[in-house]
Structures are given as structure tokens and as C-alpha cells.
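Asks:
2 protein chains.
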Amino acid sequence: MTVVGRSVFYGRQEGVGRAILLLTPNLQRSGKDGDDADAQRGHDGTMSEPTVLERWQDLAPPARILMGAGPSNVDPRVLRAMTHQPIGHLDSAFVAIMDEVKEGLRRLFQTRNGLTFPISGTGSAGMEACLANLIEPSDRVLVLLNGFFGDRMAQMAHRLGGEVFVVEQEWGTAFDPDTVRKALLRHRPKLVCLVHAETSTGVLQPVADIARLVREQDALLVLDTVTSLGGVPVLVDEWGVDVAYSATQKCLGAPPGLAPVTFNERAIVALKARQRPCVSWYLDALLVHSYWGDDRAYHHTAPINMVFALREALRLIDEEGLEARWARHQVNGMAMMAGLQALGLTLLVREPSHRLPVLITVLVPDGIDEAKVRARLLHEFHLEISAGLGPLKGRIFRFGLMGYSSQKRHVLLALTALGMILQEEGFACDLDAAIAAAQAVYRQHADVKVEV
Amino acid sequence: MTVVGRSVFYGRQEGVGRAILLLTPNLQRSGKDGDDADAQRGHDGTMSEPTVLERWQDLAPPARILMGAGPSNVDPRVLRAMTHQPIGHLDSAFVAIMDEVKEGLRRLFQTRNGLTFPISGTGSAGMEACLANLIEPSDRVLVLLNGFFGDRMAQMAHRLGGEVFVVEQEWGTAFDPDTVRKALLRHRPKLVCLVHAETSTGVLQPVADIARLVREQDALLVLDTVTSLGGVPVLVDEWGVDVAYSATQKCLGAPPGLAPVTFNERAIVALKARQRPCVSWYLDALLVHSYWGDDRAYHHTAPINMVFALREALRLIDEEGLEARWARHQVNGMAMMAGLQALGLTLLVREPSHRLPVLITVLVPDGIDEAKVRARLLHEFHLEISAGLGPLKGRIFRFGLMGYSSQKRHVLLALTALGMILQEEGFACDLDAAIAAAQAVYRQHADVKVEV
Numbered sequence: 042m043t044v045v046g047r048s049v050f051y052g053r054q055e056g057v058g059r060a061i062l063l064l065t066p067n068l069q070r071s072g073k074d075g076d077d078a079d080a081q082r083g084h085d086g087t088m089s090e091p092t093v094l095e096r097w098q099d100l101a102p103p104a105r106i107l108m109g110a111g112p113s114n115v116d117p118r119v120l121r122a123m124t125h126q127p128i129g130h131l132d133s134a135f136v137a138i139m140d141e142v143k144e145g146l147r148r149l150f151q152t153r154n155g156l157t158f159p160i161s162g163t164g165s166a167g168m169e170a171c172l173a174n175l176i177e178p179s180d181r182v183l184v185l186l187n188g189f190f191g192d193r194m195a196q197m198a199h200r201l202g203g204e205v206f207v208v209e210q211e212w213g214t215a216f217d218p219d220t221v222r223k224a225l226l227r228h229r230p231k232l233v234c235l236v237h238a239e240t241s242t243g244v245l246q247p248v249a250d251i252a253r254l255v256r257e258q259d260a261l262l263v264l265d266t267v268t269s270l271g272g273v274p275v276l277v278d279e280w281g282v283d284v285a286y287s288a289t290q291k292c293l294g295a296p297p298g299l300a301p302v303t304f305n306e307r308a309i310v311a312l313k314a315r316q317r318p319c320v321s322w323y324l325d326a327l328l329v330h331s332y333w334g335d336d337r338a339y340h341h342t343a344p345i346n347m348v349f350a351l352r353e354a355l356r357l358i359d360e361e362g363l364e365a366r367w368a369r370h371q372v373n374g375m376a377m378m379a380g381l382q383a384l385g386l387t388l389l390v391r392e393p394s395h396r397l398p399v400l401i402t403v404l405v406p407d408g409i410d411e412a413k414v415r416a417r418l419l420h421e422f423h424l425e426i427s428a429g430l431g432p433l434k435g436r437i438f439r440f441g442l443m444g445y446s447s448q449k450r451h452v453l454l455a456l457t458a459l460g461m462i463l464q465e466e467g468f469a470c471d472l473d474a475a476i477a478a479a480q481a482v483y484r485q486h487a488d489v490k491v492e493v
Numbered sequence: 042m043t044v045v046g047r048s049v050f051y052g053r054q055e056g057v058g059r060a061i062l063l064l065t066p067n068l069q070r071s072g073k074d075g076d077d078a079d080a081q082r083g084h085d086g087t088m089s090e091p092t093v094l095e096r097w098q099d100l101a102p103p104a105r106i107l108m109g110a111g112p113s114n115v116d117p118r119v120l121r122a123m124t125h126q127p128i129g130h131l132d133s134a135f136v137a138i139m140d141e142v143k144e145g146l147r148r149l150f151q152t153r154n155g156l157t158f159p160i161s162g163t164g165s166a167g168m169e170a171c172l173a174n175l176i177e178p179s180d181r182v183l184v185l186l187n188g189f190f191g192d193r194m195a196q197m198a199h200r201l202g203g204e205v206f207v208v209e210q211e212w213g214t215a216f217d218p219d220t221v222r223k224a225l226l227r228h229r230p231k232l233v234c235l236v237h238a239e240t241s242t243g244v245l246q247p248v249a250d251i252a253r254l255v256r257e258q259d260a261l262l263v264l265d266t267v268t269s270l271g272g273v274p275v276l277v278d279e280w281g282v283d284v285a286y287s288a289t290q291k292c293l294g295a296p297p298g299l300a301p302v303t304f305n306e307r308a309i310v311a312l313k314a315r316q317r318p319c320v321s322w323y324l325d326a327l328l329v330h331s332y333w334g335d336d337r338a339y340h341h342t343a344p345i346n347m348v349f350a351l352r353e354a355l356r357l358i359d360e361e362g363l364e365a366r367w368a369r370h371q372v373n374g375m376a377m378m379a380g381l382q383a384l385g386l387t388l389l390v391r392e393p394s395h396r397l398p399v400l401i402t403v404l405v406p407d408g409i410d411e412a413k414v415r416a417r418l419l420h421e422f423h424l425e426i427s428a429g430l431g432p433l434k435g436r437i438f439r440f441g442l443m444g445y446s447s448q449k450r451h452v453l454l455a456l457t458a459l460g461m462i463l464q465e466e467g468f469a470c471d472l473d474a475a476i477a478a479a480q481a482v483y484r485q486h487a488d489v490k491v492e493v
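Chains A and B, in that order, are what the protein sequence lines are.
42 is the number of the first residue of the first sequence in the working numbering; add one for each residue after it.
42 is the number of the first residue of the second sequence in the working numbering; add one for each residue after it.
Here it is in C-alpha cells:
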């Protein structure tokens, strides 16, 4: 392209024909190379030099085994689903896909709620969508806090203008109904926030009794199912959960980017009774539903290719069967826990029935450098696990076994790699015993399919 | 999996071993088939029947040519980038990719702003992020409204508690600096909202003079560049734009799902001077930047595979060169406009210098059924174009030529298909003339690469 040609046809368009800003911060930071590159590219606006390959390499992310707190690995079929050219967000072919996705999500949440769809954001957007739609300034909000994500709910509720009451108890424990009953009577909230599967602690919170108490007090229950949905039973209708949200990158087996939510009729009554509109236009459930529901009214452009991915993930879940999928997650989790204990490690969650099979937390043994162990797993085995958050930082390891990552081969590799590294770091542990303990679990449940 | 096995190992876990809800709304709606299917699957919770293939088909979206208002088509290289397994959002390999993305976005926005990153949502999330971060209750907000997306900004600003002043003018025209000067003096806003490329009208708004006026009045300018970024010049630093947001699915050439934003130093001062925190935790620019910036602190899980896609799209933009890319969009747009006019159609935007080359609007001729023409283009040619919005509903066609969709072959196909259909629908038009007019533009700018 010549300067003459440009000046002819761009004559009246603002900003064209001027020297454009060639930003090369990376190169500038690197000193001499930066100067060279700047000189080579010049500032004459022609960009005639083939400068690109100085910086951009082919995308080649390392092939990690994702056994941290999420994202988890993704079935290749889900990744392939994303490679279709996008289609229009109002195309009838896309509308049909939206219907399939809504139906798949209803099955997954075990609900008949019509207002069930994916929010166009990650799990935290799902959390914010649920809270922003239900909280008006000065609404009383009770947050049951026993981990990092309860704290996040409290922060969001506070920003949204809610009058927030927090009942906190030890991280690593679950709430019992009595505690909740007392808090309900004392604070008389409109909304109660509870985390089903606390990703920061590995606690699986029993829900049914608490949901009944919340309903008896005429409050609404918002349940965080980010780490549970698709991995352990989430029975929205049976338990009487009013609102729930999740995320695609944990037990659903898709990449991060969408946040399934569901609102029941009691929640919809509350949405419709608001004094003023939801402060967030983007997350307004009734507006978004005018698109995802039967109106098909344009609201925002859905993340088309992520919806393709979610559809394939839901299809895979249906093919596996929900109960078979829960069983796979349960058995792999039990094998991992048995192996970790046989290595001489202590699980953070003391009560066995509250141990989440999809996110397992163990205390870091005395004298072991927690960060070094994680770094060695990552660099020597491409195996990602997670560190502790908040007060548990440096004190625990977190092992995720979610979605496509929940497979026997990963359990055995993780136990082997961890045991080997711990031995080398000076912690005496018995690898044979760990593998034998895991294998005993698998033998006991030989009827469960533990590989995908 | 047998019931016995299940009852053993699930003994203490809530919700397992109970009959699960088998939701088949589609089948239920279809009457007899639904009853059969229900009976076939039963409600014993075993899910032993291979029921899935009754419903799920292989994902096979139609191969559309996307010449509507977005999403646009995506380079196959970008689609392939998404097929990598995700990696952790705190993985050093991902952090390196984040740095490349930030740098690519700074080049694209033509800015040195450090606070430049993609919001984890679609374009409307970008809009909401910019407004929610800058508006506190009772802040005075001036919205320059000449189309659908200005109206959306006004709605969002109102929900966020801003005192909103709207200056509206005819859809299809651009604002002139005098109008803005008067509005600034009258309303003395903290924030001014302007749309650079109005997707609903096809107007390209000159920015530089208005940005100077806004700055002189010590207000902040928020610029919507959803449809302009990557297709026509967006010179954030040179024009003095304080905040801008965009989306990935228009001229950037990636699927929808991310919203690039940039905040300059004046905007950051405003962020830091807030009396109370941003009402949205998810979109809080300073919090999100604690992750995208040098702190690398966990905020939320980024949509990893969408970031892979954006990186590849930015790499492609760098390879093409910004000016060459602008020229491609400009020439294809000019050829399309010339062809449409030669067909005897009237462009909505009367002022030639305000015609957006990437989104072209023409009036629907009298007697032509607008919806039928669009349906025929879609079903006979897999060619998607868009209808008018708001007051322009039914009155205009909208042709997008954005990103990978902006190619000579699409221009010639669209003119041919449209001309043929219009003729068959009873509108006398000269196809030869249309093709000749488009070809004349291409010949005049033979030095510009108009195919990807």
C-alpha cells in the first residue's frame, strides 16, 4: 500500500494517513533489542517491515494435567465443538442449540425451572448475577461463611447495598442446621447465601435441611454449585433451592467462560417485585431471559463458540449418565483420599461425610516447602495442583478431580508423583501403601467406570 | 453400576441413591412420543436405557457467511487456537499469554495505557464495566444518543444511579462539536458517553474534536468502539479518549466472549477517587487489574480458551498490519456502498464522511418485504445480514463487513444475491451496474489487499 493511494481514498476519514503509534513495550523493556526494533520499524506509519515474527510465536500452551481448583481438563470433543464458525446469535439454528443447552442444564441442576440458562461470564459472574438480581439496597442478606467463596459472596452483597450478616465458622467444617436456624431467627434475612462445595476447603455442605429452614422463614436460598454441579448430586427441586449458579470449567468439563444459573418460581416472584431495576443491565435475569426464553429478543451477543462447547459438554454428561458421572467422581475421589492418607497425610476436612470427592484438601506436612512441591509437580510432571487460599495459604494442597480430569490414571499419577517428591523433600512416606490403598477402593467399586 | 454397589459407597452422601429427575421437556411437549420416552426411561433412577441419541445430534451449525451486525466470521487459525487444552489461569505459561494479549490490545487501541485488558464477558459487559467503574450514585452523565447503543449506555448509567442527561439527535447522523459544547456547558457532566461506530445506524462518529471539548470541561470521555476497533482507526491516545471498550466478535475477528477495555491515567484517578467501591465486584477494573497487571492476584478464572482465540486474532492483526487492515475494511466497504447505490438503493447515512465502511445501512425499497429478503439471503445463500433496530426496524438492511468477513468475495456475492432477490421480489435493479461499480472501486485501489 502506498502513501499516495492512502491519501486518495482516506481523504475524509479521521485518523488515517497519520503516523500510527507502534507500541513495542516488550521490546522497549529489553533494551538494545528494543532500540534496534524501533529504528527498524520507524515511525513513518508504513509498517512495511515484517516485524511480527520478532514477537509472536505459534500458540503452544503446555499440555497440563489439571488437578487444581479449576479449570479442569476438557474432553477433546468439547474442544472440537468450539472450532465451528460462529453463527448469528438470533439465527434459528442457534436458537435450537440454546434450547438444547437449557434442557441439558435443567437435567444437570435436577430442576424444572424455566429460568435456567448460562450467564455470559465466568463463575463469579454467575454469583454476581444471582446476588445483583435479588438484592436491593438495605435488603437483609445472611452469608454462611466457611471459606473463601462465602467471603466473596459477602463482599458482593455488600457492594450491592445489602445489609450483610455473616455467620462464620471454622474453614474446613460444614454448617449444621441448628446454627442456621439460630441465625435465621436472629437476622431475619431476605436472602441466605450458602456454598455447596467450598473450593477453598474441600467441604461438601449438606443442603436439604438448611433449604427447608430457609423456606420456613420465608427467605430465599442462593446456592453456589460452582465446584459441585456435574460432579456430585445437585438436586435443586428436591432440596428446595431457590437460586443456584455454577461454572463450566469444573465438573461440567468445558472451558471457563459461562456460568449456568437457575431461578425457581419463588425467586422469580422476588425479581418481579423489585422496587427498582437490577443495578446490572448485563446480568439482569429477566432481560437476559427475554433472549434465552421464548421472546428471543436481542439482549447481548451470546458467546457463541462457548455455547457450542457447553452443548457438547452437556451431551457428554447425558451420554455418561448423571449417576454414573457422580459415581466416577466419587470413586476417584475416594481412591485419592485413601492414597493420600496412606502416604501419611492428613485430610483438612475431619468429618468424612463432608469430604468433597472432587476437591480434596490435605495439610502440608511440617518441614515441607509447599510452593516447591507444587512447582516440582508442575515442571516435572505437567501436573497442576492448587495452593491454599486466605488463612489456608501455605497450609494445604488442593487436588481437583473434576470433569475430564477425574480419571483413575490421574489419581495414580498424582499419588506417585507426590509421594516421590515428598520423599525427596525429606518426608518419609510409603508409596506402595498409597497405591495399594487407592487400588483397594477401585477393586471395591469395580462396577464403576472410573476412566472417561 | 448396581444398586447394591451404590448403596455401599454412597451411604453418607446426600442425595444419592434417590430416584433422579429425568427431565425430557422436549419429548413431553411432543405428546405421544414423550409418553413413550418417559415410560421407556422409567423413574427408577437407573438410567440404563441408551436414551441420549433420541435427542442429541452431532453439533453441525450451518456454515454461514456472516455479514450482519456481528458476530462476524473468524479466521480458521483463531478457531484452531481454541482447541488447545486449557491451562491454569495462574500458570506462568498463561501469564505470558496475558502479557502478549495486553500488548496486542494496546497496539490496537493505539494507546500506552497500562490498564488495558479484556473483560471476561461480551461487548455489553465491556460497556457496563466502563460505566460501573466510573459512575457513582448522583454522578452527572451526558449521553450523546444517535442510535441503539447510545440508548443502552443511558439505560446502564441510569441503573447505576447516575444523573443521566441525554442529548438525542436523528439516527443516521453524527454529532458535531458545537452540539456537544453546548451540552457540556449546560449539563456539566462528570462523564460523557459517545459511540464511535453506531452498529444500529452505520454512522462513524468523528471523535477528536469532541474529545478535546470534553477534556477542556474536565469531564471524562467513554467511547464505544465495539464495531470500530480493528476495522477503522481508533486512536485512543492521540484523540484523548479516557476510556474505551470493544468486543472480540466484530472487526477483531474472534468469536464473541471478551470485551477489551482501556482506561487512561485521568480515568484511573477517577477510579481511585471513588467514595465507595464499584457496585460490581466482577467488573471492578482495579480488582480485575490486580490479576491482569503485575500482581497476578487471583480474581476470577479467565476464559482461558477465549484468551487463546484473542491472542491469535491479535497476532493476525499484527501480521496484516493495522493500516493494511483499515485499508481492507475501507475498500471493501466502499465497493459495497458503490454497488448498493448502483442497485438503486439509498444509503441511510447521508454524509459520506460519516459512513462506516464496516457496517453499511441502506433503506428498504418501497414495496419490498424486508424480512423476506433477509430470510431468502439466509436460506438460499447461507448469507446473514441484519435488520434495523428500534425506530429503524423494518426500514433498513444492515450489512457488516468486519474482520474475516471483510473480503472482496463476500462483497460480490452479497451484491449478486441481493440484486437477484430484489429483482425477483419486484424491485427493478441493474446487477451489471452494481458489480461494475464495485469493481471500479477495487480497480482504483488495486494496491490494497482486499481478501484475507
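Idealized CB from N, CA, C, for every residue including glycine.
Apart from the five residues just before and just after E141 of chain A, which ones in its own chain have a Cβ nearer than 7 Å to its Cβ?
Replies: R352
Asks: Which of the three DSSP states, helix, strand or coil, is assigned to L261 of chain A?
Replies: In this structure, L261 of chain A counts as strand in the three-state DSSP scheme.
Asks: By the three-class DSSP mapping on this structure, what secondary structure does A238 of chain A have?
Replies: If DSSP states are grouped into helix, strand and coil, A238 of chain A belongs with the strands.
Asks: Evaluate E306 of chain A with the Cβ neighbour count: other Cβ atoms within 10 Å of its Cβ, from every protein chain shown; 16 or more gives buried, anything less gives exposed.
Replies: exposed
Asks: Output the distance between the C-alpha atoms of N174 of chain A and D336 of chain A, rounded to the nearest integer angstrom.
Replies: Their Cα atoms are separated by approximately 20 Å.
Asks: According to DSSP, which residues form a beta bridge with Y286 of chain B?
Replies: B:D265, B:V302
Asks: Between the stretch 234-241 of chain B and the stretch 168-185 of chain B, do at least 3 Cβ pairs fall closer than 8 Å?
Replies: Touching, per the Cβ criterion.
Asks: Roughly how many whole angstroms lie between the Cα atoms of M377 of chain A and L456 of chain A?
Replies: The C-alpha of M377 of chain A lies about 7 Å from the C-alpha of L456 of chain A.
Asks: Within this structure, are the beta carbons of I106 of chain B and H451 of chain B separated by less than 8 Å?
Replies: yes
Asks: Per DSSP, which residues does S427 of chain B bridge with? Please list them.
Replies: B:R439
Asks: List the residues of chain A whose Cβ lies closer than 9 Å to the Cβ of G271 of chain B, in chain order.
Replies: By Cβ distance, chain A contributes nothing, its closest Cβ being about 13 Å from G271 of chain B, past 9 Å.
Asks: Helix, strand or coil, according to DSSP, for E204 of chain A in the structure here?
Replies: If DSSP states are grouped into helix, strand and coil, E204 of chain A belongs with the strands.
Asks: Please go through the same chain and pick out, in chain order, the residues whose beta-carbon is closer than 7 Å to the beta-carbon of V93 of chain A, but skip the five residues on each side of it.
Replies: Because V93 of chain A sits at a pLDDT of 44, beneath the cut-off of 50, its placement in the model cannot be relied upon, and the point is left open.
Asks: Between V205 of chain B and chain A, is the shortest Cβ-Cβ distance under 8 Å, so that the two count as touching?
Replies: no
Asks: Nearest chain A C-beta to H451 of chain B closer than 8 Å, yes or no?
Replies: no
Asks: Leaving out the 5 sequence neighbours to the left and right, which residues in its chain are closer than 7 Å to W333 of chain A when beta-carbon positions are compared?
Replies: Excluding residues up to 5 positions away in sequence, M139, K143, F158 lie with their Cβ nearer than 7 Å to the Cβ of W333 of chain A in the same chain.
Asks: Please classify W492 of chain A as buried or exposed, where buried requires at least 16 other C-beta atoms within 10 Å of its C-beta.
Replies: The residue asked about is misnamed: residue 492 of chain A is Glu in this sequence, not Trp. Counting C-beta atoms within 10 angstroms of its own C-beta, E492 of chain A has fewer than 16 neighbours from the protein chains shown and is therefore classed as exposed.
Asks: Using CA coordinates, which residue listed in A:V248, A:R229, A:L463 is at the minimum distance from P218 of chain A?
Replies: A:V248
Asks: Beta-carbon of R352 of chain A versus every beta-carbon of chain B: anything under 8 Å?
Replies: yes
Asks: Taking T214 of chain A as the query, report the chain B residues whose CB atoms sit under 9 Å from its CB, ordered along the chain.
Replies: Ordered by position in chain B, no residue passes the 9 Å Cβ test against T214 of chain A, which lies about 16 Å from the chain.
Asks: Along the chain, where does the beta strand (DSSP E) containing P159 of chain A start, and where does it finish?
Replies: From DSSP, the beta strand (DSSP E) with P159 of chain A extends over 156-160.
Asks: For E209 of chain A, name the three-state secondary structure that DSSP assigns.
Replies: strand
Asks: Going by beta-carbon coordinates alone, are L186 of chain B and E209 of chain B separated by less than 8 Å?
Replies: For the 8 Å CB-CB criterion, L186 of chain B and E209 of chain B form a contact.
Asks: If we define contact as Cβ-Cβ less than 8 Å, is Y323 of chain A a contact residue for chain B?
Replies: Judged by the 8 Å Cβ criterion, Y323 of chain A is in contact with chain B.
Asks: Taking all protein chains shown into account, decide if Q81 of chain B is buried (16 or more other Cβ within 10 angstroms of its Cβ) or exposed.
Replies: Note that Q81 of chain B scores a pLDDT of 36, beneath 50, so its modelled location is shaky and nothing firm can be said.
Asks: Label A487 of chain A either buried or exposed according to how many other C-beta atoms from any shown protein chain fall within 10 Å of its C-beta, with 16 as the threshold for buried.
Replies: exposed
Asks: For I358 of chain A, which three-state DSSP category applies?
Replies: Three-state result, I358 of chain A: helix.
Asks: Can you tell which of B:V403, B:T303, B:K223, B:L201 has its C-alpha closest to the C-alpha of L276 of chain B?
Replies: For L276 of chain B, the closest C-alpha among the options B:V403, B:T303, B:K223, B:L201 is that of B:T303.
Asks: Mind pulling the chain A residues with CB within less than 7 Å of V320 of chain B?
Replies: R200, L201, V320
Asks: Quick check: what's the CA-CA separation for E465 of chain B versus A137 of chain B?
Replies: Rounded to the nearest angstrom, the two C-alpha atoms are 55 Å apart.
Asks: By the 10 Å Cβ neighbour count, where 16 or more other Cβ atoms means buried, how is L226 of chain B classified, buried or exposed?
Replies: exposed
Asks: Determine whether the beta carbon atoms of A101 of chain B and Q126 of chain A lie at a separation below 8 Å.
Replies: no
Asks: Tell me whether the beta-carbon of T240 of chain B lies closer than 8 Å to the beta-carbon of A110 of chain B.
Replies: Cβ atoms of T240 of chain B and A110 of chain B: closer than 8 Å.
Asks: Considering only the beta carbon of each residue, do Y483 of chain B and V399 of chain B sit closer than 8 Å?
Replies: With respect to V399 of chain B, Y483 of chain B sits apart: the two C-beta atoms are not nearer than 8 Å.
Asks: Can A198 of chain B and L156 of chain B be called in contact, C-beta distance under 8 Å?
Replies: Not a contact, by the Cβ cut-off of 8 Å.
Asks: Pull up the distance between the alpha-carbon of T163 of chain A and that of V310 of chain A, whole angstroms please.
Replies: 26 Å
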